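Undergrad: Attaching a single structure in structure tokens format; questions to follow.
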Amino acid sequence: MVRQWRYLVNDFLRGRDVLKRALVLIDARHGVKDVDREIMDMLDKAAVSYRLVLTKADKIKATDLATVTDATAGEARKRPAAHPDIIATSSEKGMGLPELRAAVIEAIG
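Following our numbering, the numbering of the sequence shown begins with 4 at its first residue and continues without gaps.
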């Protein structure tokens, strides 16, 4: 089932010329996990530009968020299709949402 899902996603991504950029949501409390890397691998192979977005950034200390952000930026630098800037967000506090909206508008512009 997982293999079929991957083929379906890859076919979808490769056939979408109008897809400007995907957003990969990563829980800031945990940082980049293997499942996130798998998604990034699929996007890299499909040559789909993507941006890494940390979610739930209000749930960890500022120093921990800085560490997670730096580590996530390091992951992005290793990948050909990843946008270099990381956006940390919190839906509860509204943190990073204006930056995320601006990034979406920039990508479609």
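Cβ atoms here follow ideal geometry from the backbone N, Cα and C, with glycine treated the same way.
Since the model is a prediction, treat every value here as computed from it, not as a measurement.
Roughly how many whole angstroms lie between the Cα atoms of Lys96 and Leu103?
TA: Approximately 14 Å, taken between the alpha carbons.
Undergrad: With burial defined as no fewer than 16 other Cβ atoms inside 10 Å of the residue's Cβ, what is the status of Tyr53: buried or exposed?
TA: The residue is buried, with at least 16 neighbouring Cβ atoms inside 10 Å.
Undergrad: Taking just the CA atoms, how far does Asp61 sit from Ala49?
TA: The alpha-carbon atoms of Ala49 and Asp61 are separated by roughly 33 Å.
Undergrad: In angstroms with no decimal places, state the Cα-to-Cα distance between Lys36 and Asp44.
TA: Whole-angstrom Cα-Cα distance: 12 Å.
Undergrad: Tell me whether Leu11 sits in a helix, a strand or coil according to DSSP, three-state version.
TA: Helix.
Undergrad: Can you pull the DSSP bridge partners for Arg54?
TA: Paired residues: Leu26.
Undergrad: Just how far apart, CA to CA, sit Asp88 and Arg9?
TA: Asp88 and Arg9: Cα-Cα distance of roughly 26 Å.
Undergrad: Who pairs with Met98 in a beta bridge, going by DSSP?
TA: Met98 pairs with Ser93.
Undergrad: So what's Ala85 in DSSP terms, helix, strand or just coil?
TA: Strand, per DSSP.
Undergrad: Suppose you measure from the CA of Val38 to the CA of Val56; what does that come to, to the nearest Å?
TA: If you take the alpha carbons of Val38 and Val56, they lie about 15 Å apart.
Undergrad: Assuming Asp61 is part of the alpha helix (DSSP H), what are its boundary residues?
TA: Segment: none, Asp61 is in no alpha helix (DSSP H) and carries neither H nor E.
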